[in-house]
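Mapped onto the UniProt record's numbering, the consecutive letters of the sequence shown carry residue numbers 1 to 215.
Just so you know, even glycine gets a beta-carbon here, dropped at the ideal spot from N, CA and C.
None of the values given here were measured: they were computed from a predicted structure.
What follows is a short report on a single structure.
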Amino acid sequence: MPRIALVAGATGLVGQLLVQRLLASGAYDRIKLLARRALSIDDARIENVIGDYSDLGTLGKSLQADDVFCCLGTTLKKAGSRAAFERVDYQMVVDLARAAHAQGAKQFLVVSAAGTAEHSPSFYSRVKAHMERDVSAVGYDAVHIVRPALLIGAREESRPAEKISQMIMPLFNPLLIGSMKKYRSVRGEDVADALLQLARRETRGVHIHHLPLGG
Numbered sequence: 001m002p003r004i005a006l007v008a009g010a011t012g013l014v015g016q017l018l019v020q021r022l023l024a025s026g027a028y029d030r031i032k033l034l035a036r037r038a039l040s041i042d043d044a045r046i047e048n049v050i051g052d053y054s055d056l057g058t059l060g061k062s063l064q065a066d067d068v069f070c071c072l073g074t075t076l077k078k079a080g081s082r083a084a085f086e087r088v089d090y091q092m093v094v095d096l097a098r099a100a101h102a103q104g105a106k107q108f109l110v111v112s113a114a115g116t117a118e119h120s121p122s123f124y125s126r127v128k129a130h131m132e133r134d135v136s137a138v139g140y141d142a143v144h145i146v147r148p149a150l151l152i153g154a155r156e157e158s159r160p161a162e163k164i165s166q167m168i169m170p171l172f173n174p175l176l177i178g179s180m181k182k183y184r185s186v187r188g189e190d191v192a193d194a195l196l197q198l199a200r201r202e203t204r205g206v207h208i209h210h211l212p213l214g215g
């Protein structure tokens, strides 16, 4: 049967790489890209779904898909305030999960972050934990939560501090072993590959993954 993927956050580092892999895999007959503006990708399988994340309910059947890939995320600095950060990394993600599930989606795959914990002293980690909790409760057949640490890769936007971290952190990767291995920096390509691999697994329930998968 024809399969449909819905991708949110297709303009970001992981989202762009994921779309490339979804197209190359041939696993989906249609790939819907949810965004505020149309993305220029020359492939007949691509369908732009234009909408506002604050009012996803109005998109109705446009959100119909088998698998939903959520690569939404920002930083506290870019968001400008805690409330704005929470709106992107919690509210937009949870609203998407609920709206797509209401249209029949069976599987939800989302990029979260390493170190996520509801009682963490870090506001960032608490928001991610609340997102994971509420997405997991929506009722999908399968939820895959991927928790990468620092992402390595070129972004369209300028993040000077992150660029410095990307240069330094890989040097520490060999020192992060055992339970600390999950905090190793990871390439955006590896996160995208993991999302596609997980989508192809015939599993049910909620699953949390650190990278590398099975590592």
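Residue range of the unbroken beta strand (DSSP E) whose run includes residue i
i: residue 73; result: Taken as a continuous stretch (DSSP letters only), residue 73 belongs to no beta strand (DSSP E), as it is neither H nor E.
i: residue 8; result: 4-8
Helix, strand or coil at residue i [DSSP, three-state]
i: residue 107; result: strand
i: residue 26; result: coil
i: residue 205; result: strand
i: residue 211; result: coil
i: residue 44; result: coil
i: residue 38; result: coil
i: residue 17; result: helix
i: residue 149; result: coil
i: residue 142; result: strand
i: residue 200; result: coil
The alpha helix (DSSP H) enclosing residue i, as first and last residue numbers
i: residue 128; result: 123-136
i: residue 101; result: 93-102
i: residue 88; result: Segment: none, residue 88 is in no alpha helix (DSSP H) and carries neither H nor E.
CB-CB length for residue i against residue j, believed under 8 Å
i: residue 33; j: residue 68; result: Rounded, the Cβ-Cβ distance is 12 Å, inconsistent with contact.
i: residue 152; j: residue 187; result: 5 Å
i: residue 101; j: residue 53; result: Contact flag wrong, Cβ pair sits at about 16 Å.
i: residue 206; j: residue 136; result: 5 Å
i: residue 44; j: residue 10; result: Not a contact, Cβ separation roughly 17 Å.
i: residue 30; j: residue 4; result: 5 Å
i: residue 193; j: residue 21; result: 7 Å
i: residue 217; j: residue 204; result: Only positions 1 to 215 of the chain appear in this structure, which leaves residue 217 out of reach.
i: residue 63; j: residue 91; result: The pair is not a contact, with the Cβ atoms about 16 Å apart (cut-off 8 Å).
Neighbour-count burial assignment, residue i, 16 or more Cβ in a 10 Å radius
i: residue 2; result: exposed
i: residue 122; result: exposed
i: residue 147; result: buried
i: residue 132; result: buried
i: residue 58; result: exposed
i: residue 211; result: buried
i: residue 118; result: exposed
i: residue 55; result: exposed
i: residue 149; result: buried
i: residue 128; result: buried
i: residue 190; result: buried
i: residue 89; result: buried
i: residue 25; result: exposed
i: residue 73; result: buried
i: residue 216; result: Given a span of 1 to 215 for the chain in the structure shown, any question on residue 216 remains unanswerable.
Cβ-heavy atom distance, residue i to the ligand ADP, below 7 Å
i: residue 8; result: As for the ligand ADP, it is missing from this structure, which has no ligand bound.
Hey, is the segment 190-206 in contact with the segment 106-121, meaning 3+ C-beta pairs nearer than 8 Å?
Cβ pair count under 8 Å is three or more, so yes.
At least three beta-carbon pairs within less than 8 Å, the segment 78-85 to the segment 13-24
no
Taking one C-beta from the segment 53-73 and one from the segment 92-102 each time, how about it: are there three or more such pairs within less than 8 Å?
yes
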